[in-house]
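Input: a single structure, listed below in structure tokens.
2 protein chains.
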Amino acid sequence: MQIGEVARRTGLSADTLRFYEKIGLIAPPARDQAGRRVYDAPVLGWIRFLEQLNATGMKQADRVQYAALRRQGPATSAARRQMLERHRRHIQAQLEQLTETLALMDRKIADYESTEQAMGQTGDSDE
Amino acid sequence: MQIGEVARRTGLSADTLRFYEKIGLIAPPARDQAGRRVYDAPVLGWIRFLEQLNATGMKQADRVQYAALRRQGPATSAARRQMLERHRRHIQAQLEQLTETLALMDRKIADYESTEQAMGQTGDSDE
DNA sequence: GCTTGAGCTGGAGTGCACTCCAACACCTAT
DNA sequence: ATAGGTGTTGGAGTGCACTCCAGCTCAAGC
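Chains as they are written, first to last, in this note's numbering: chain L, 1 to 127; chain Y, 128 to 254.
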């Protein structure tokens with residue numbers, strides 16, 4: 001696979017893939033005779049995993065650190081586990097925040113609905 | 128209340144409060160004889176609400192738009208409700224993403240734990 | 001009456017995470 | 001053999017959301 005196909009399959013741009021390589025998120029792939037990047041299939045799974053971390057708010061610097069540990073092999077297993085445990089706690093905190101705000105949205109939406117029903121009755125109190 | 132106390136009570140910096148006023152998130156408060164901002168208590172609730180939207184990923188531009196609608200009064204009720212409904216859907220999508228990734232973290236953490244148990248047995252497969 | 005502390009303005013600077021570009025090289029199909 | 005598509009590099013630029021700063025005014029306490 002060359003960079004365009006990886007881009008197409010992952011939804012990232014070729015620029016982003018090169019950028020990820022530059023900062024160490026993705027290991028430098030092999031090159032063909034013309035100097036173009038040639039990726040192997042497993043990188044797709046890795047990129048998907050990185051996207052999961054990204055989508056759930058892990059910072060770039062931490063993803064870079066995790067990627068570096070991974071490249072260093074099995075000896076870093078405990079360190080990586082700790083990073084994932086930390087991220088797990090971060091995810092749970094977000095779940096709580098989101099659940100709370102979801103309930104708030106429901107209350108406010110219901111408020112707006114009744115306000116629209118009885119237009120001008122209660123007035124438009126707050127927020 | 129002047130700006131320092133609002134900062135203390137909300138956790139935002141005075142700079143951020145002035146910035147929020149500049150972009151229209153917070154209505155310009157009254158001023159005392161010395162030209163200093165004097166806030167009334169209800170602004171605290173509004174700021175807390177803004178922080179909820181912020182913490183759950185509503186973009187600044189959208190918060191500004193919501194704030195603008197709110198200042199325009201009851202006539203904009205329907206538009207605001209629609210914004211909250213949209214944000215509600217956004218929150219639910221995030222909940223799904225987080226729940227999925229939480230499960231993934233659990234699987235990977237368990238993997239790492241068994242790898243640490245049987246060091247060198249299975250090898251350190253992926254991600 | 002002077003220091004201390006809080007606040008004021010306008011504008012520059014920061015950190016993050018990309019995103020775009022110019023100028024060039026190479027492969028494939030017509 | 002030439003046009004079009006895909007790739008290369010290094011470096012500059014973007015958008016978001018603040019954050020910091022210089023140089024100033026003001027008010028209150030000792």
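Backbone N, C-alpha and C define an ideal beta-carbon position, used for all residues, glycine too.
So, does the CB of residue i fall closer than 8 Å to a CB anywhere in chain Y?
i: Ala41(L); result: no
i: Thr56(L); result: yes
i: Leu84(L); result: yes
i: Gln72(L); result: no
i: Gly123(L); result: Confidence at Gly123(L) is low in this model, with a pLDDT of 44, below 50, so the placement of that residue should be treated as unreliable; the coordinate-derived value is given next. For Gly123(L), the answer is yes, since a Cβ of chain Y falls inside 8 Å of its Cβ.
i: Arg18(L); result: no
Taking the straight line between their C-alpha atoms, what separation do you get for residue i and residue j?
i: Pro74(L); j: Ala237(Y); result: 15 Å
i: Arg198(Y); j: Gln92(L); result: 35 Å
i: Gly35(L); j: Arg81(L); result: 36 Å
i: Thr242(Y); j: Arg48(L); result: 22 Å
i: Glu132(Y); j: Arg164(Y); result: 11 Å
i: Gln121(L); j: Ala206(Y); result: Annotation note: pLDDT 49 at Gln121(L) (below 50); position unreliable, coordinate value reported separately. The alpha-carbon atoms of Gln121(L) and Ala206(Y) are separated by roughly 19 Å.
i: Arg9(L); j: Asp15(L); result: 14 Å
i: Ala134(Y); j: Glu100(L); result: 23 Å
i: Phe19(L); j: Ser13(L); result: 10 Å
i: Met83(L); j: Leu231(Y); result: 13 Å
i: Tyr166(Y); j: Gln179(Y); result: 20 Å
i: Gly138(Y); j: Asp32(L); result: 54 Å
i: Ala61(L); j: Thr203(Y); result: 42 Å
i: Met155(Y); j: Leu225(Y); result: Position check: residue 155(Y) holds Pro in this sequence, whereas Met was assumed. Pro155(Y) and Leu225(Y): Cα-Cα distance of roughly 37 Å.
i: Arg107(L); j: Glu113(L); result: 10 Å
i: Trp173(Y); j: Arg190(Y); result: 11 Å
i: Glu223(Y); j: Leu44(L); result: 22 Å
i: Leu177(Y); j: Ala41(L); result: 44 Å
i: Gln94(L); j: Leu17(L); result: 28 Å
i: Met129(L); j: Leu229(Y); result: This structure leaves residue 129(L) out entirely; chain L is present only between 1 and 127.
i: Ile130(Y); j: Ala157(Y); result: 11 Å
For chain L, find out if any of its Cβ atoms is closer than 8 Å to the Cβ of residue i; answer yes or no.
i: Glu243(Y); result: yes
i: Leu139(Y); result: no
i: Arg190(Y); result: no
i: Arg136(Y); result: no
i: Ala205(Y); result: yes
i: Gln179(Y); result: yes
i: Arg208(Y); result: yes
For the alpha helix (DSSP H) that contains residue i, what are its first and last residues?
i: Ile3(L); result: 3-10
i: Met83(L); result: 77-117
i: Thr53(L); result: The amino acid at residue 53(L) is misidentified as Thr; the sequence shows Leu. From DSSP, the alpha helix (DSSP H) with Leu53(L) extends over 42-55.
i: Leu17(L); result: 14-23
i: Tyr128(L); result: Residue numbering for chain L in the displayed model covers 1 to 127; residue 128(L) lies beyond these limits and cannot be assessed.
Task: Validate contact between the stretch 209-218 of chain Y and the stretch 171-190 of chain Y using beta carbons, cut 8 Å, 3 pairs - done: For the pair of segments examined, the stretch 209-218 of chain Y was found to touch the stretch 171-190 of chain Y: the number of CB pairs separated by less than 8 Å reaches three.
Task: Interface residues of the stretch 213-239 of chain Y facing chain L [CB-CB below 8 Å] - done: For chain L, the residues of the stretch 213-239 of chain Y that bring a beta carbon within less than 8 Å of one of its beta carbons are His214, Arg215, Ile218, Gln219, Gln221, Leu222, Gln224, Leu225, Thr226, Glu227, Thr228, Leu229, Leu231, Met232, Asp233, Lys235, Ile236, Tyr239, in chain order.
- [ ] Evaluate the contact criterion for the stretch 148-155 of chain Y versus the stretch 185-199 of chain Y: three or more CB pairs, one atom per stretch, below 8 Å.
- [x] For the pair of segments examined, the stretch 148-155 of chain Y was found to touch the stretch 185-199 of chain Y: the number of CB pairs separated by less than 8 Å reaches three.
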